[in-house]
Amino acid sequence: MSDKPSVLFVCVHNAGRSQMAAAWLTHLAGDRVEVRSAGSAPADQVNPAVVEAMKEVGIDISAEIPKVLTVEAVQASDVCVTMGCGDTCPVFPGKRYLDWDLEDPAGQGVEAVRPIRDEIKARIEGLIAEIAREPKA
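Residue numbering for the sequence shown follows my numbering, beginning at 628 and increasing consecutively.
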């Protein structure tokens, strides 16, 4: 068992919001948090506009591949953040569940993805403050 918190981000296609959230958490928290993402109906690839929007802030997610949501991923996570996937995420006692109401970037250009990216970053910063302690000097 790891002593660091683990977070699972879930959206329908695991091609936009959950990929951005996982990338932001990995980028901002480093190895202080275990990060997973998945989708209830994963797409074939990450949304190219999402890849481009993240590249603009220095985060490369071009190699990421959408993954299917599994019961094991939920069980292995302390916090499960859903983003528009409805009731498809299994619920287990003792887990913390957050539902972030975020616009879906599917089918939108990079201009429309930027504010979603920035909103996710702000929420990630708040989540880090709650769950990830700074390393002691």
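Virtual Cβ for every residue (Gly too), placed ideally from N, Cα, C.
Nearest residue (CA-CA) to E683, options E757, V637, K748, R741: Comparing Cα positions, the closest option is R741.
Quick one: what's got a C-beta closer than 6 Å to A642's C-beta in the same chain, skipping five residues either side? Only A670, V673, N674, P693 meet the Cβ criterion.
Contacts around M628, its chain only, beta-carbon distance under 8 Å, and the 5 residues preceding and following it disregarded: Confidence is the limiting factor: at M628 the pLDDT is only 45, short of 50, which leaves the residue's position unreliable and the question unanswerable from this model.
Let's test the definition: count the other Cβ atoms within 10 Å of the Cβ of Q646 and tell me whether it reaches 16, buried, or not, exposed. Of the other Cβ atoms in all chains shown, 16 or more fall within 10 Å of the Cβ of Q646; this residue is therefore buried.
So the beta strand (DSSP E) R663 belongs to, where does it begin and stop? Where R663 is concerned, the enclosing beta strand (DSSP E) stretches over 661 to 666.
Which class does D705 belong to by DSSP, given the choice of helix, strand or coil? In the structure shown, the three-state DSSP call for D705 is coil.
Euclidean distance between Cα positions of I758 and L696: Near 23 Å, if we compare the C-alpha coordinates of L696 and I758.
Secondary structure at V684, three-state DSSP: helix, strand or coil? Of the three classes helix, strand and coil, the one that applies to V684 here is coil, per DSSP.
Taking buried to mean at least 16 other C-beta atoms within 10 Å of its own C-beta, is K631 buried or exposed? Under this definition K631 is an exposed residue.
So, helix, strand or coil for S689, using DSSP? In this structure, S689 counts as coil in the three-state DSSP scheme.
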